[in-house]
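Report on one structure; see the data block that follows.
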Amino acid sequence: MAWFIAHYIKDFGESYDREVKARISGISPGDYTRMGPAIRYLGEKLKGLFT
Numbered sequence: 002m003a004w005f006i007a008h009y010i011k012d013f014g015e016s017y018d019r020e021v022k023a024r025i026s027g028i029s030p031g032d033y034t035r036m037g038p039a040i041r042y043l044g045e046k047l048k049g050l051f052t
């Protein structure tokens with residue numbers, strides 16, 4: 002079973018402002034760099050938002 006930690010960076014309705022840029026700047030690598038499980042999981046969650 003795969004697991005991951007997802008961090009809030011920016012909401013779709015949120016402006017790309019100084020606070021969002023600071024959140025992006027604060028991203029740092031964690032235990033692993035395997036992004037596949039996280040991308041697949043979040044892709045499924047986001048799929049319904051745009052159809």
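In our numbering, the protein residues as written are 2 to 52. All residues carry an ideal CB built from backbone N, CA and C; glycine is no exception. None of the values given here were measured: they were computed from a predicted structure.
Where do the N-terminal and C-terminal ends of the alpha helix (DSSP H) with residue i fall, by residue?
i, result
"Arg35", "No alpha helix (DSSP H) contains Arg35, which DSSP labels as neither H nor E."
"Ile25", "19–26"
In whole angstroms, what separates the C-alpha of residue i from that of residue j?
i, j, result
"Ile8", "Ser16", "Residue identity check: residue 8 is His in the sequence provided, not Ile. Near 17 Å, if we compare the C-alpha coordinates of Ser16 and His8."
"Phe13", "Leu50", "10 Å"
"Ile28", "Leu47", "21 Å"
"Glu45", "Ser26", "26 Å"
Which same chain residues, not among the five before or five after residue i, have their C-beta less than 8 Å away from its C-beta?
i, result
"Gly31", "Ile6"
"Leu43", "Ala7"
Which same chain residues, not among the five before or five after residue i, have their C-beta less than 6 Å away from its C-beta?
i, result
"Arg24", "Ile10"
Could you check what DSSP says for residue i in three-state terms: helix, strand or coil?
i, result
"Leu9", "The sequence shown places Tyr at residue 9, not Leu. In the structure shown, Tyr9 sits in coil (DSSP, three-state: anything other than H, G, I, E or B)."
*Should the segment 13–20 be regarded as contacting the segment 36–45, the criterion being three or more beta carbon pairs within less than 8 Å?*
No, because fewer than three Cβ pairs between the segment 13–20 and the segment 36–45 fall closer than 8 Å, the two stretches do not touch.
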